[in-house]
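Student: Questions regarding the structure given below will be posed in turn.
In the numbering used here, the protein residues as written are 172 to 721.
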């Protein structure tokens, strides 16, 4: 087995690339990936199994966009929407659908791609659903790791590559189910997923709202994952999975399970990675794209901050788009359909921030600015509304990061969990997956995107490798002004001005832009309109150019 230091670099953190039709400047596209880089022909060459996790999946669009998926012998789709169904095109034994049961107001919100090959395992934790708009019109993030097979396990991997839908149990030869590495984290997530699917609590329901049947429960035996631990995850020693799953006891986790999931998982991991002194008073950034209730006071907010920062009240910066930013975005008002937030929940957050700060600026709402340091900067990324979710602690002086979390979890009790009974149990309603990357062991220098080529060269000149987290907002973030209002849906939108596409936010009392699937998906139609507008501008400019050449 090769020395760990000889393993090739395996980690990458990038943003998703926007559709070229939006004509966003190149500055908006540093360190970006496309869906084809994850699921295209080259990425799937030699794949023997593919797992796709997503709340929403437009399966026909996905197969049209990435036809190489149809050549993979076994495709497992773990989803969270009743709209996800096998179509005639995908009614092949190679396709397996799994609908994890959950309780009311919970969701299967995890987003992840796993590509299994005989010699390598690719793990991509993403924030985008597998629908058109998320991969073309919005800002999302991707964390990727590529892990070689364990040499002592190659024969086992070869033997277990059959596509027959029979469950296999891990053995001692698979190594590491109790080890501390990202592969073991992933394995435990699959264990919990299968356990809840095969033996769900009686109150849990599927995405359609019906109770799971015995046949539904039996179907989870087809989800095989023993092969995860046949791969070598040593190259990811600075990263760990941070996941959430509902507890088996009415959503509650207790005793030995208390620190395995949700924000208590973050708390346990950070306790093992003490921060350098420069981060003692470092601000915490919470950036998300959906806001549910944080409660009637700041109790839960303080609980969450305690997991990220310890018991003290560290400076808190909450990055969330304003109403004007949604209206002026690439998609206009329909972008707000993917940023769920009601007036009531926005007011509760404002109240929690005031209580947390005690009348000071300790906690602040901040704008989504694309990372330029000013709203309306050159990158243009500000106009691509966020579907990404990131949490980080940063040093004001050099923008270095103590750690960063890229996750499917929004600012939500259902996602991160809520402590009960004096901290003896954690109540989680939803399934989530994220990755936390550390710098505190000094094996890497973690930093936000460099502002210039010179800064990038300086970052790469140190003895420790530099890991760049391309956060799509400035550090420090830009605070709201007194005129800014956080994006939220409510009756006040009835009098709002139309966006650049002449769309009103409310149509017959309902918010616009709620279509996500098929050729009629709002995001796809807007790209078509943008392409037509671009062609008209180019055609109008041609006579002018021709006249100027005479």
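We treat Cβ as the ideally placed atom computed from N, Cα and C, and that holds for glycine.
Quick caveat: nothing in here was measured; it's all calculated off a predicted structure.
In the DSSP assignment, the beta strand (DSSP E) including residue 589 goes from what residue to what residue?
Tutor: The residue labelled residue 589 in the question sits at position 418 within the chain shown. Where residue 589 is concerned, the enclosing beta strand (DSSP E) stretches over 589-591.
Student: For residue 457, which three-state DSSP category applies?
Tutor: Indexing the chain shown from 1 puts residue 457 at position 286. In this structure, residue 457 counts as strand in the three-state DSSP scheme.
Student: Any idea if residue 421 is buried or exposed, counting beta-carbon neighbours within 10 angstroms, 16 or more meaning buried?
Tutor: Residue numbering aside, residue 421 sits at position 250 when the chain shown is read from its first letter. Flag for residue 421 reads exposed.
Student: Tell me, which residues are paired with residue 291 by DSSP?
Tutor: Residue numbering aside, residue 291 sits at position 120 when the chain shown is read from its first letter. Residue 291 pairs with 319.
Student: Can you tell me which of 675, 483, 307 puts its alpha carbon nearest to the alpha carbon of residue 740?
Tutor: There is no way to answer for residue 740, as the model of the chain reaches only from 172 to 721.
Student: Do residue 519 and residue 606 have their C-beta atoms closer together than 8 Å?
Tutor: Stepping through the chain shown from its first residue, residue 519 is reached at position 348. Stepping through the chain shown from its first residue, residue 606 is reached at position 435. No, they are not a contact pair.
Student: Provide the residue span of the beta strand (DSSP E) that contains residue 607, from first to last.
Tutor: Looking up residue 607 in the chain shown gives position 436. Per DSSP, residue 607 belongs to the beta strand (DSSP E) from 603-609.
Student: Could you spell out where the beta strand (DSSP E) holding residue 247 opens and where it closes?
Tutor: Against the chain shown, residue 247 aligns to sequence position 76. Residue 247 -> beta strand (DSSP E) spans 246-250.
Student: Going straight from the alpha carbon of residue 538 to that of residue 644, what length do you get?
Tutor: Residue mapping note: residue 538 aligns to position 367 of the chain shown, counting from 1. Residue mapping note: residue 644 aligns to position 473 of the chain shown, counting from 1. Roughly 8 Å separates the two Cα atoms.
Student: Within the same chain, show all residues whose beta-carbon is closer than 7 Å to that of residue 560, passing over the 5 residues directly before and after it, in chain order.
Tutor: Here residue 560 refers to the residue found at position 389 of the chain shown. Excluding sequence neighbours, residue 560 sits near 298, 458, 459, 460, 578, 579, 580, 581.
Student: Kindly list the residues whose CB is nearer than 7 Å to the CB of residue 475, restricted to its own chain and excluding five residues on each side of it in sequence; keep chain order.
Tutor: Within the chain shown, residue 475 is the residue found at index 304, counting from 1. Excluding sequence neighbours, residue 475 sits near 434, 587.
Student: Specify the secondary structure class of residue 237 as computed by DSSP and reduced to three states.
Tutor: Looking up residue 237 in the chain shown gives position 66. Looking at residue 237 - three-state DSSP - the assignment turns out to be coil, as it is neither helix nor strand.
Student: Taking residue 289 as the reference, which of 265, 698, 533, 318 has the closest Cα?
Tutor: The count along the chain shown starts at 1 and reaches residue 289 at position 118. Comparing Cα-Cα distances from residue 289 to each of 265, 698, 533, 318, the minimum goes to 318.
Student: State the Cα-Cα distance for the pair residue 534 and residue 456, rounded to the nearest angstrom.
Tutor: Mapped onto the chain shown, residue 534 falls at position 363. Mapped onto the chain shown, residue 456 falls at position 285. Near 10 Å, if we compare the C-alpha coordinates of residue 456 and residue 534.
Student: Which residues in the same chain have their Cβ closer than 6 Å to the Cβ of residue 524, if we skip the five residues on either side of it in sequence?
Tutor: Position 353 of the chain shown holds residue 524. The residues are 534.
Student: Once you ignore the five residues that flank residue 190 on each side, which residues in its own chain have a CB closer than 6 Å to its CB?
Tutor: The residue labelled residue 190 in the question sits at position 19 within the chain shown. Same-chain partners within the cutoff: 307, 698.
Student: Based on the DSSP output, what are the partners of residue 267 in its beta bridges?
Tutor: Here residue 267 is taken as the residue at index 96 of the chain shown, counted from 1. 247.
Student: Please report the distance separating the alpha-carbon of residue 477 from that of residue 438.
Tutor: Indexing the chain shown from 1 puts residue 477 at position 306. Indexing the chain shown from 1 puts residue 438 at position 267. Computed Cα separation, rounded: 8 Å.
Student: For residue 540, is the classification buried or exposed, using 16 other Cβ atoms within 10 angstroms of its Cβ as the cut-off for buried?
Tutor: Here residue 540 corresponds to residue number 369 of the chain shown, with the count starting at 1. Buried.
Student: Less than 8 Å between the beta carbons of residue 281 and residue 603, yes or no?
Tutor: Numbered from 1 along the chain shown, position 110 holds the residue referred to as residue 281. Numbered from 1 along the chain shown, position 432 holds the residue referred to as residue 603. Yes, the Cβ-Cβ distance between residue 281 and residue 603 is below 8 Å.
Student: Residue 432 to residue 638, Cα distance in whole Å?
Tutor: On the chain shown, residue 432 is found 261 positions in, with the first residue counted as 1. On the chain shown, residue 638 is found 467 positions in, with the first residue counted as 1. So the two alpha carbons sit approximately 26 Å from each other.
Student: Could you tell me whether the region 663-677 touches the region 268-283, using the rule of 3 or more Cβ pairs below 8 Å?
Tutor: With a cut-off of 8 Å, the region 268-283 and the region 663-677 do not count as touching, because too few Cβ pairs lie within range.
Student: In terms of alpha-carbon separation, which member of 236, 237, 230, 243 lies closest to residue 217?
Tutor: As a first step, residue 217 is located in the chain shown; it is residue number 46 there, counting from the start. If we check each option's Cα against that of residue 217, 243 comes out closest.
Student: Indicate the three-state DSSP secondary structure (helix, strand or coil) for residue 232 in the structure shown.
Tutor: Here the question's residue 232 lines up with position 61 in the chain shown. It is helical.
Student: Applying the criterion that 16 or more other CB atoms from any shown protein chain within 10 Å of the CB defines a buried residue, is residue 594 buried or exposed?
Tutor: By 1-based counting over the chain shown, the position of residue 594 is 423. Per the 10 Å Cβ criterion, exposed.
Student: Under the three-state reduction of DSSP, which class applies to residue 306: helix, strand or coil?
Tutor: Sequence index remark: in the chain shown, residue 306 carries index 135 (1-based). The answer is helix: DSSP assigns residue 306 an H, G or I state.
Student: Excluding the 5 residues preceding and the 5 following residue 505 in the sequence, name in chain order all residues of the same chain whose CB lies nearer than 6 Å to its CB.
Tutor: Within the chain shown, residue 505 is the residue found at index 334, counting from 1. Cβ neighbours of residue 505 beyond the five flanking positions: 683, 684, 693.
Student: What's the gap between the Cα of residue 296 and the Cα of residue 713?
Tutor: For the purposes of this step, residue 296 is identified with residue 125 of the chain shown, where counting begins at 1. For the purposes of this step, residue 713 is identified with residue 542 of the chain shown, where counting begins at 1. So the two alpha carbons sit approximately 44 Å from each other.
Student: When you compare each of 303, 286, 497, 443 to residue 320 by their alpha carbons, which one comes out closest?
Tutor: Within the chain shown, the letter at position 149 stands for residue 320. Considering only alpha carbons, the answer is 286.
Student: Taking only three categories from DSSP, how would you classify residue 361?
Tutor: Numbered from its first residue, the chain shown carries residue 361 at position 190. It is helical.
Student: With hydrogens ignored, establish whether the beta-carbon of residue 356 is closer than 7 Å to any heavy atom of the ligand ADP.
Tutor: In the structure shown, the ligand ADP is absent, as is every other ligand, since no ligand is present at all.
Student: How far does the alpha helix (DSSP H) with residue 525 in it reach, from first residue to last?
Tutor: By one-based count along the chain shown, residue 525 stands at place 354. Run containing residue 525: 514-528, per the alpha helix (DSSP H) assignment.
Student: DSSP on residue 447, reduced to helix/strand/coil?
Tutor: Numbered from 1 along the chain shown, position 276 holds the residue referred to as residue 447. Coil at residue 447, not helix or strand.
Student: Using a 10 Å radius around the Cβ and a threshold of 16 neighbouring Cβ atoms, would you call residue 445 buried or exposed?
Tutor: Translated into the one-based positions of the chain shown, residue 445 becomes position 274. It counts as exposed.
Student: Reducing DSSP to helix, strand and coil, say where residue 471 ends up.
Tutor: As a working mapping, residue 471 is identified with position 300 in the chain shown. Here residue 471 sits in helix by DSSP.
Student: For residue 574, name the three-state secondary structure that DSSP assigns.
Tutor: Numbered from 1 along the chain shown, position 403 holds the residue referred to as residue 574. The answer is strand: DSSP assigns residue 574 an E or B state.
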